[in-house]
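Same order as they appear, the protein sequences are chains A and B.
Just so you know, we're using the numbering used here here: the first sequence kicks off at 1 and counts up by one.
Just so you know, we're using the numbering used here here: the second sequence kicks off at 1001 and counts up by one.
All C-beta atoms, glycine included, are put in the ideal place defined by N, C-alpha and C.
This report concerns only the one structure given below.
Protein chains: 2
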Amino acid sequence: SPIFLLVSHESVLCFVPLGGCKADWRPSNSPKLIDLLDDTVPGIGTYEDFNTIDWVREKSKDRDRHREITNKSKHSTVALLFSISDAFSGWLLMLLIGLMSGALAGGIDIAAHWMTDLKEGVCLNGFWFNHEHCCWASNETTFQERDKCPQWKTWAELMVGVSEGSVNVLNHFMYVSWALLFAFLAVILVRAFAPYACGSGIPEIKTILSGFIIRGYLGKWTLIIKTITLVLAVSSGLSLGKEGPLVHVACCCANILCHFFTKYRRNEAKRREVLSAASAVGVSVAFGAPIGGVLFSLEEVSYYFPLKTLWRSFFAALVAAFTLRSINPFGNSRLVLFYVEFHTPWHLLELIPFVLLGIFGGLWGAFFIHANIAWCRLRKNTRLGHYPVIEVLVVTLLTALLAFPIEYTRMSSSELISELFNDCGLLDSSKLCGYTSNSGSTSGSVNATAANGLGARLAGPGLYTAMWQLALALVFKMLITVATFGIKVTDLDVFLKAKQNIRAQASKHFFFFLISTLGGVTRMTVSLVVIMFELTGGLEYIVPLMAATMTSKWVADALSRESIYEAHIRLNGYPFLEAKEEFRHKTLATDVMRPRQSDPPLSVLTQSGMSVEEVERLIADTTYSGFPVVISQQSQRLVGFVLRRDLVISLENARRHQEGVVSVSAVLFTECDPPASPSAPPAVKLHNILDLSPFTVTVHTPMEIVVDIFRKLGLRQCLVIQNGRLLGIITKKDILKHMAQMANRDPESILFN
Amino acid sequence: SPIFLLVSHESVLCFVPLGGCKADWRPSNSPKLIDLLDDTVPGIGTYEDFNTIDWVREKSKDRDRHREITNKSKHSTVALLFSISDAFSGWLLMLLIGLMSGALAGGIDIAAHWMTDLKEGVCLNGFWFNHEHCCWASNETTFQERDKCPQWKTWAELMVGVSEGSVNVLNHFMYVSWALLFAFLAVILVRAFAPYACGSGIPEIKTILSGFIIRGYLGKWTLIIKTITLVLAVSSGLSLGKEGPLVHVACCCANILCHFFTKYRRNEAKRREVLSAASAVGVSVAFGAPIGGVLFSLEEVSYYFPLKTLWRSFFAALVAAFTLRSINPFGNSRLVLFYVEFHTPWHLLELIPFVLLGIFGGLWGAFFIHANIAWCRLRKNTRLGHYPVIEVLVVTLLTALLAFPIEYTRMSSSELISELFNDCGLLDSSKLCGYTSNSGSTSGSVNATAANGLGARLAGPGLYTAMWQLALALVFKMLITVATFGIKVTDLDVFLKAKQNIRAQASKHFFFFLISTLGGVTRMTVSLVVIMFELTGGLEYIVPLMAATMTSKWVADALSRESIYEAHIRLNGYPFLEAKEEFRHKTLATDVMRPRQSDPPLSVLTQSGMSVEEVERLIADTTYSGFPVVISQQSQRLVGFVLRRDLVISLENARRHQEGVVSVSAVLFTECDPPASPSAPPAVKLHNILDLSPFTVTVHTPMEIVVDIFRKLGLRQCLVIQNGRLLGIITKKDILKHMAQMANRDPESILFN
């Protein structure tokens, strides 16, 4: 399934739980239920929901913590043991994430397999057996007809008692009913318990990894519901890729497990390193491709990916792959769903069709992104998006109705792919292998059937209206025609061997086309090639695969710069600072900083000389998330920076707990007290919440350098000075707005801080 | 050869051209000859040799250049075409690098193969045929004895005319003589023409990529000599890995090709991006592993590796692999030297020996690094290092003497490995395959021979004294005993099939041990696994391979934190800011900045009010490579930063070309002129060389953040301010010295700026 579904899984983004989660990102909308695990005691150094973290501060905090533990460890044995356990906790956490994600992925595979079969019939020996297991246990199964055994009853057989003829309608009805039930359950569960469980999850995870906070997005309810609905959605026959959801599931596991380790619970930056590794784990279990997973995390998802994270991801992906292999959901002792080998070496001239397929894939990928975004925008802005349940049910109904009649569309797409790609053996019962074909069909028509099947399959779910489906089916058929062009010029009826070769050739081209499309949609290159050869063992084909993915990326990039994930991030207005593209405009820090020339001057605090009341008034009058502290209003020489949240909490705390604090009490940011009259009320000392090393740039600093600093250091804000005088401030949001403006987009599309 | 040789190739570091290049890093020592290509017109914005570049400045320069081209392109068609060609020049450059490196690598492979055979005999049909080609052309070759044909004469046959008996001594003599001749030629060439062609090259390339300048290190003479000596050294039978030298060769190609593109010739940062890609190309052609190469560059060599470079590396590695495949040096239409498949799936319990082998490999790797560094230090500090030519000849002599008698040590290590790893086929003439074994040896003794052979082989060259060799041989034999333990508990003489399995088992363990050792020496993880499965096609073994390499890395890291490359970088005192390890000490910027409290105050320039004479005196009195510019000596408010080199050049230029400039002329760093008396001589305006946006930190900024900024932004220096007043400066060298001090090492070991 992965390949197919990766291509179309993005559809799910706008799809499973829909309207309810995209349009309403406000925290108030996420039910309290899912916040339980993520709630931390409000206090200094934490962040509001839907805000961006300060990487530098978080990393400093972690280093302080580490130093403290190291120092203590010199004095007592207990502390030493604690320090050692702390040092290993990262690896332990990785181990646990790998185990948990691997086990979940194995469970999902097994459950989805069973429920997919449940749509067709039930096992009399025990309803918990799937079709294959049911017939394994049977003594009456012959090798030729592995699929048929008396214990396995279709619904028609069970209810009417006959297995031939018109009862097929009954089977069809049951099939559609089950599919609708599964889909309905999935949508209802998501809506009721975990709106965040919707969609692919990768755009949000990418944003979270870049330093954004969405509480509950990786919570336990999301995990539970996402796991269940993934099984339901896959079983209902909807065409969705497991890799996005599995990355989300793995990240949820990681986030939940982080709560058992102080080091990671308390530190947003460290937690993000773990999440980076978890996204590698997700891909590792989705495809059985551990190295591909690591590269996926590096190339596609992660924002900050130091070598240490690389090694940890590698370890976690290894454990997860190993766990999955031990569970052995596919019963073949392999990590992967289908193990294909292209045994024939390739010729130089073959590069031409491969590159052509790359071009097609790139075009198709770019078109897909465009259409997907246009559709999402439509749903967001019109009434279309108001009926998510109905929408899902309609799509499921259409898919199920269309899928049942043809054998190839009915099988799960992983089965279909192995059917298409596996070499024909003598014991193979596949109809695609000429010699067991019972209908006297020619290879040509068999291929045509397969092509039709594929067309319908791929068309079914990805896109939501009949027109859209039709267009998709047409395009796909056209492309498959191109891909299978080799068949038509070859003499078809020579002998068996030739048929096999033809099939191999056609499936090879189809495979390259799928990969190129995937490359065009996601703009992955290295990771895609690695995943593909981990998936198929096609080591011989590295060079052509590289050529195809690279071409696809070039073509797609030429049409639009954004991958599907970035397009969705932008659609949702997340504050994501893209690291791929350089900022190339010749603007200076002075052009971007606030206040603008016409605005009132910057709101600053002075290090001494302000009263509690004055500070509180400043807080009430402004909405800034932080204030610079200067020596005096006249000199504007910078002392430090204080965050609004810290300031509010500290002042409240002082008012409540510190004796004698009144509105006229002085607020001091200095370490030493200035001389004060003995009759004055005690001062509120806030030196401890003052950041004495805020980042500064000068007014002349080109924005390209500022953007670079923000990206590389993960800043949240930066102060602008000239000749030692504080002049303004630049926040991440200012930068994103400026970038949007420079790219002629609406700067107001950036919604969050 | 790669596996073996990678393990021991580091030896070459201290080895091929030696003393002459490590101890004397001073520019004066590198002959003028090799500087031709690297000479740029001295001018503003260039760097001195053995200095560190400023990444931020270089990248700004490139963006300015890009903007200028884009702006011009709107006005004329020619400029538009130029702009398009400029945009594609990066990819074109990658294409050229791939083609050139692939061609060179192919040539090296072919030449080395021929010259290795030349040591044993010559082809009568034409001396330019190697043994294999000679016998291919012959009609008298039977399939069973492919190796023997009348056209191929050993030296003894040619000179004495008989082929049996005691003439073996003559063959042995010729073998040794050729080996000595090759080795002598190699050393002489390096000494005479390109001292920089010595050693592996990877530590220097790593340093260059981090922003250091070593002129001539990647010049055309280095390229020519390195290519020739690589062939000679490999042919002489010395145990050296091709991958280090090939990375160096690819980087030379890249550097030379950069000179044809203004964009890269003029910009040190852009050139380093190209070099990162080139090091991927080097590994790609060394192992035929393009993806492994990209990951090697990412994990091991590169300092700054944005996604754009990832894609370009990927493309260049692809082209290089493709070129190599087209040249087809191994005559098997594959990219790799040996294509091995472990067909048998592995069992869970097998993980235990694999992990044990990982531990052994890690221990051995750490020991190897330690011994290698100790030896290099000894050679550097004692008279031992004064006789490089003799040293090389002695090692070659010993290797050749020991290698000749045993068939397995005589064959090149790539042949040996394929001999060991390939499955036994019916047509296989290898003695290791039981059924064609003409001596009635049992499988056990065959394995013993192989083990002996391996022991001798690996012992031969890596280390330079007999004692060392002995120890190495002992350790290796012990380890091989452990590794082949499985053989001894199995019943050996059951039947043929069993023998094959045993060999597969033993070679599997040996393979894992080699990989773990390599992991222990270089601390590669992901890249190593990818290289290995690109090399062998052992896709089934991803999980155990990952487990072994990860274990090996852990064990080796526990013993010492540095890989062999980093250890050599430190040994040579290069200014390399390691990105792997976090700086964890609680020092502040104020503890590291210059001037220290007892020192005289910081030498600064004022933005106006200084005369040419004063500035020149300041330059003469100090050796700093740059000066901060402040508003006035009293306020110490920072205006900007000016580099010594730029200042010197500008003042000289003004003195020479600007009329009326005398010693009392004012030097102005302001944009607008201050009021001056009409009688005053014309001022020298240096506003254009002033960097108005120097990086600043405050005195309170923790050093961990400062280190992070230096690493991530590639800074060269950073100014320290407090409340708007300039207090000091921190340079990269200060940071490296501070880090050395904190790690209880000699801070004076950091030699360069």
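Mind checking whether residue i and residue j have CB atoms under 8 Å apart?
i                             : j                            : result
valine 707 of chain A         : isoleucine 735 of chain A    : yes
glutamate 1132 of chain B     : threonine 1154 of chain B    : no
lysine 1700 of chain B        : leucine 692 of chain A       : Strictly speaking, residue 1700 of chain B in this sequence is histidine, with lysine absent from that position. Going by C-beta atoms, histidine 1700 of chain B is nearer than 8 Å to leucine 692 of chain A.
isoleucine 69 of chain A      : phenylalanine 82 of chain A  : yes
isoleucine 1729 of chain B    : proline 1628 of chain B      : yes
phenylalanine 1669 of chain B : leucine 1690 of chain B      : yes
leucine 1318 of chain B       : valine 526 of chain A        : no
histidine 738 of chain A      : methionine 703 of chain A    : yes
isoleucine 205 of chain A     : valine 56 of chain A         : no
glutamate 1534 of chain B     : alanine 1289 of chain B      : yes
serine 236 of chain A         : phenylalanine 182 of chain A : yes
glycine 1090 of chain B       : arginine 1312 of chain B     : yes
tyrosine 1304 of chain B      : arginine 1271 of chain B     : no
valine 283 of chain A         : glutamate 243 of chain A     : yes
glycine 714 of chain A        : glycine 211 of chain A       : yes
phenylalanine 360 of chain A  : phenylalanine 513 of chain A : yes
valine 231 of chain A         : alanine 548 of chain A       : no
glycine 199 of chain A        : valine 247 of chain A        : no
Check the Cβ of residue i against every Cβ in chain B and list those closer than 8 Å, keeping chain order.
i                      : result
arginine 65 of chain A : By Cβ distance, chain B contributes nothing, its closest Cβ being about 11 Å from arginine 65 of chain A, past 8 Å.
serine 60 of chain A   : Pro1702, Glu1704, Ile1705
valine 283 of chain A  : Result: empty, since nearest Cβ-Cβ is about 14 Å, beyond 8 Å.
Which residues of chain A have a Cβ atom closer than 9 Å to the Cβ of residue i, listed in chain order?
i                             : result
arginine 1570 of chain B      : Under the 9 Å cutoff, chain A gives no residues; its nearest Cβ is about 18 Å from arginine 1570 of chain B.
phenylalanine 1710 of chain B : Under the 9 Å cutoff, chain A gives no residues; its nearest Cβ is about 11 Å from phenylalanine 1710 of chain B.
leucine 1638 of chain B       : Thr698, Ile721, Asn723, Gly724
leucine 1713 of chain B       : Ile705, Asp708, Ile709, Lys712, Leu713
Residue i touches chain A at which residues, Cβ-Cβ below 8 Å?
i                         : result
arginine 1325 of chain B  : Val543
threonine 1525 of chain B : Leu310, Trp311, Phe314
valine 1530 of chain B    : Ile291, Val530
Closer than 7 Å by beta-carbon distance: list the chain A residues that pair up with residue i, in chain order.
i                             : result
phenylalanine 1322 of chain B : Val543
Which chain B residues sit within Cβ distance under 7 Å of residue i?
i                     : result
lysine 586 of chain A : Arg1067
Taking C-beta pairs closer than 9 Å, name the residues in chain B that residue i reaches, listed in chain order.
i                      : result
lysine 580 of chain A  : Pro1306, Leu1307, Lys1308
leucine 577 of chain A : Within chain B, no residue comes near leucine 577 of chain A; the closest Cβ sits about 14 Å away, beyond 9 Å.
Along chain C, which residues have their Cβ under 9 Å away from the Cβ of residue i?
i                      : result
leucine 318 of chain A : You won't find chain C in this structure, because its protein chains are A and B.
Using 8 Å as the cut-off, can you tell me whether the region 1567-1583 of chain B makes contact with the region 1728-1743 of chain B, which would need three or more C-beta pairs spanning the two stretches below that distance?
yes
Run through the region 160-223 of chain A for me and flag every whole alpha helix (DSSP H) of 4 or more residues, listed as ranges in chain order.
168-193, 202-209
I want to know whether the region 1717-1727 of chain B touches the region 1553-1571 of chain B - three or more CB-CB distances under 8 Å.
no
Which of the residues in the region 1290-1314 of chain B, read from start to end, lie with their CB under 9 Å from any CB of chain A?
Pro1290, Ile1291, Val1294, Leu1295, Leu1298, Glu1299, Pro1306, Leu1307, Lys1308, Leu1310, Trp1311, Ser1313, Phe1314
Interface positions of the region 1613-1635 of chain B facing chain A (Cβ-Cβ less than 8 Å), listed along the chain
Ile1631, Ser1635
Anything in the region 1064-1090 of chain B with a Cβ closer than 7 Å to a Cβ of chain A? List those residues in chain order, please.
His1066, Arg1067
Give, in chain order, every residue of the region 1543-1567 of chain B whose Cβ lies closer than 9 Å to some Cβ of chain A.
Val1543, Met1546, Ala1547, Thr1549, Met1550, Lys1553, Trp1554
Decide if the region 210-219 of chain A is in contact with the region 249-264 of chain A; the criterion is three or more beta carbon pairs, one per stretch, under 8 Å apart.
yes
When you compare the region 552-562 of chain A with the region 676-690 of chain A, are there three or more beta-carbon pairs, one atom per stretch, that lie closer than 8 Å?
no
For a minimum of 4 consecutive residues, which ranges assigned as the alpha helix (DSSP H) are wholly contained in the region 1619-1706 of chain B?
1644-1657
Using a beta-carbon distance cut-off of less than 7 Å, what residues from the region 678-699 of chain A approach chain B?
Leu692, Ser693, Thr696, Val697, Thr698
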